[in-house]
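Encoded as structure tokens, the structure appears first; notes follow it.
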Amino acid sequence: MALALAGCAEGGTGAAPSTSAPGTSTPSATATSASPTPTPTPSCVETTLDSLTEKQRIGQLLMVGFDTNAALDSLDTAIGTDHVGNVIYLGGWDGADKVTATSDHLQGLVDDKATGGVGLLVAADQEGGEVHQLRGPGFTQPPSASQQAQMSSSELVRAATGWAEELKAAGVNVNLAPVTDTVPADIGTANEPIGKYGRQYGSDPATVTKASRAFIKGMRAGGVEATVKHFPGLGRIRSNTDFSATGITDDTTTADDPYLRPFAAGVRDGAGLVMVGSAIYSRLDPGTPAMFSSAIVTDLLRGDLGYDGVVITDDVNAAAVASTPPAERATKVIEAGGDVVLTGDASVAPEMAAAIRSAADEDRGFARQVDASVERVLALKDRMGLLPCSKGASRG
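According to the UniProt record's numbering, the sequence shown is numbered sequentially starting from 1.
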């Protein structure tokens, strides 16, 4: 399953034959031989990828949940033995001291045997308003999305920078925000996943784009990667995909829909991750949850929008995809063009990893997709300083 790195140098061409008359000498044309082309120095990402075992590579494609009520060592086996490379904090965490201690413990599990020395993505949902997993002393509660949207762009950038600095100080390096879904005004609170909780910046794409761009800029300025979500948008469905497999079909969104503009802006602004949801879009790929759809992930997001970064799923334990066995959920995500499978239930991670490994061993095309996904994850981690060879390497 090893990635074939382009390390072969082109051979140098010989000196051109002399065109001078017989008996004459042209030293400059005959005495100089071409120097061989030097072999390119492998990048930090290439070097790291080549050093990882197959199991360590696959572990980079998994993010597992850590509940606030769990024991500190509850993920020691997942990281140390199962090679899981990423964690998300779940539940209401009270106080930065607890979060910092947990982050330090998790990053302390990183070594050559566990993850090949590659640091963890440590994520949280810190949107603002009703959705903020981290609270209490050391964390400022961000205002609701609608309140954020009322700020000027410069004000929101400054505020988001401060929120990011608090997250970074507690060892959280990825925020699964901002919400870039647009909820139409005529649906509003009838939209259970977003509108019901006031998670949207507005009811028109321009408002959502302006606020989400400022939020992303502030997060990055504060040292935290932002995530635009939930591609290609949850604003037009009625039911919540977390809890229902019905009422989750969007019959409106198209490939050139204005509601995609906030996502496109996030891609252009360098958002570290794009989260794909589990709703169904009848005009894009009828009957297929977005996270399992190559038409949505590969053709639309990567192709039309030009996104070459990390694609992460919404929780694959959602009711919307519960009819698909856990192992198959993982392979379907990779097949569609996704990179990181987010499972709040860490207990299914070994099953998912085994399924990805088995599929890669049996299908060379799938194996190439796995390597491409791992490379994208490592590229993000390199820019975050999480690889052993990263410039200014750190695990904060």
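Heads up, the beta-carbon is just placed ideally off N, CA and C, and yes, glycines get one too.
Checklist line | Candidates Y89, L380, P143, Y307: closest to E130 by CA position | finding: Here the closest residue by C-alpha is P143.
Check: In terms of alpha-carbon separation, which member of V377, E54, I79, C44 lies closest to E225?
Finding: For E225, the closest C-alpha among the options V377, E54, I79, C44 is that of V377.
Next item on the list: Establish whether the CB of I280 and some CB of chain C are separated by less than 7 Å.
Entry: The structure shown contains no chain C, having only a single protein chain.
Next item on the list: Please report the residue range of the alpha helix (DSSP H) in which A207 lies.
Entry: The sequence as given places Thr at residue 207; Ala does not occur at that position. In the DSSP assignment, T207 falls within the unbroken alpha helix (DSSP H) covering 205-221.
Next item on the list: Could you check what DSSP says for R238 in three-state terms: helix, strand or coil?
Entry: R238 falls in the coil class under three-state DSSP.
Check: What are the start and end residues of each continuous beta strand (DSSP E) run of 3 or more residues lying completely inside the segment 53-117, in chain order?
Finding: Runs found: 62-67, 86-90.
Item checked: DSSP three-state assignment for Y259, whether helix, strand or coil -> Helix.
Notebook entry, point to check: What's the call for V87, buried or exposed, on a 16-neighbour Cβ count within 10 Å?
Noted result: By the neighbour-count rule (16 or more Cβ atoms within 10 Å), V87 is buried.
Check: So what's F292 in DSSP terms, helix, strand or just coil?
Finding: Under the three-state reduction of DSSP output, F292 falls in the helix class.
Checklist line | For G128, three-class secondary structure by DSSP | finding: Strand, per DSSP.
Next item on the list: Give a yes or no on whether the C-beta atoms belonging to A78 and V64 are separated by under 7 Å.
Entry: In this structure, V64 lies closer than 7 Å to A78 by Cβ.
Next item on the list: Would you list, in sequence order, the uninterrupted alpha helix (DSSP H) runs of no fewer than 4 residues that lie entirely inside the segment 135-181?
Entry: List check, alpha helix (DSSP H) in window: 145-150, 153-169.
Notebook entry, point to check: CA-CA distance, L61 and Q126?
Noted result: Put simply, the backbone Cα of L61 is about 22 Å away from that of Q126.
Next item on the list: Could you please give me the residues that DSSP links to F231 through a beta bridge?
Entry: As DSSP reads the structure, F231 sits in a beta bridge with V276.
Next item on the list: Would you identify the three-state DSSP class for L49, choosing helix, strand or coil?
Entry: Looking at L49 - three-state DSSP - the assignment turns out to be helix.
Notebook entry, point to check: Looking only at its own chain, which residues have a Cβ that is under 7 Å from the Cβ of G128, when we skip the five neighbours before and after it?
Noted result: The answer, listed in chain order, is P142, P143, S144, A145, Q148.
Next item on the list: Report yes if the CB atom of T253 is closer than 7 Å to the CB atom of Y281, and no otherwise.
Entry: In this structure, Y281 lies closer than 7 Å to T253 by Cβ.
Next item on the list: Name the residue from E335, Q133, R283, N69 whose alpha carbon lies nearest to the alpha carbon of D363.
Entry: Answer by Cα proximity: E335.
Checklist line | Any 3 or more C-beta pairs closer than 8 Å across the segment 233-240 and the segment 173-186 | finding: Pairwise C-beta distances place the segment 233-240 in contact with the segment 173-186, as three or more of them are shorter than 8 Å.
Next item on the list: Please say whether V174 and L90 have beta carbons closer to each other than 7 Å?
Entry: No.
Item checked: A379 beta carbon less than 7 Å from that of I356 -> No; because the gap between Cβ atoms is not below 7 Å, this pair is not in contact.
Margin query: DSSP has L300 in a bridge; who is on the other side?
Written below: Per DSSP, none; premise fails for L300.
Next item on the list: Could you check what DSSP says for A312 in three-state terms: helix, strand or coil?
Entry: It should be noted that the sequence gives Ile, not Ala, for residue 312. When DSSP states are grouped into helix, strand and coil, I312 belongs to the strand group.
Item checked: V340 - DSSP class collapsed to helix/strand/coil -> Looking at V340 - three-state DSSP - the assignment turns out to be strand.
Next item on the list: For K391, count neighbouring Cβ atoms within 10 angstroms of its own Cβ and tell me buried if that reaches 16, exposed if not.
Entry: So K391 ends up on the exposed side.
Next item on the list: Give every residue of the same chain whose Cβ lies closer than 7 Å to the Cβ of D111, excluding the five residues on either side of it in the sequence, and list them in chain order.
Entry: So the qualifying residues of the chain are G117.
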